[in-house]
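These notes are about the structure you will find just below.
Residue numbers (the working numbering): 69 to 212.
Here it is in structure tokens:
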């Protein structure tokens, strides 16, 4: 009988990550929640390195891995888009998808001269956008 309990516990522990991932994509965002750029606006001309301040209304900031209602952490999307099915998946971590899982609300990035698009996306405790997604407008800046 002990073996049956062990097998059931093992099966549950192996299934749990898949279940958690599916549930995380459904993390609700409160009505009216919004994320925005504090110090940049569409069409700005800037010099690199660029300091970017993240604003958030209607929710709080919590580090990645901390599951707390009405919270999330920032992701900066540079020269990319997150749309469609990507909104149900963990945001990738690479040069175009910057994670701020420590709860940071500001960063400084090096950007090459030219036009760049920027967008903020709030992710839940597991880096998946909320439902509905809390995303800023995509802005274009020019680095001189």
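C-beta: ideal position from N, C-alpha, C; glycine also.
Determine the extent of the beta strand (DSSP E) in which residue 144 is found, giving its start and end residues.
139 to 146
At 3 residues or longer, what runs of the beta strand (DSSP E) sit wholly inside the region 172 to 200?
174 to 177 and 182 to 191
Looking at residue 136 and residue 97, is the spacing between their C-beta atoms short of 9 Å?
no
Give me the residue from 115, 156, 193 and 142 with the minimum Cα distance to residue 179.
115
I'd like the span of the beta strand (DSSP E) that includes residue 125, first residue to last.
118 to 125
Are the region 184 to 198 and the region 143 to 160 in contact at 8 Å, needing three or more beta carbon pairs?
yes
Assign residue 200 to one of two classes, buried (16 or more other C-beta atoms within 10 Å of its C-beta) or exposed (fewer than that).
exposed
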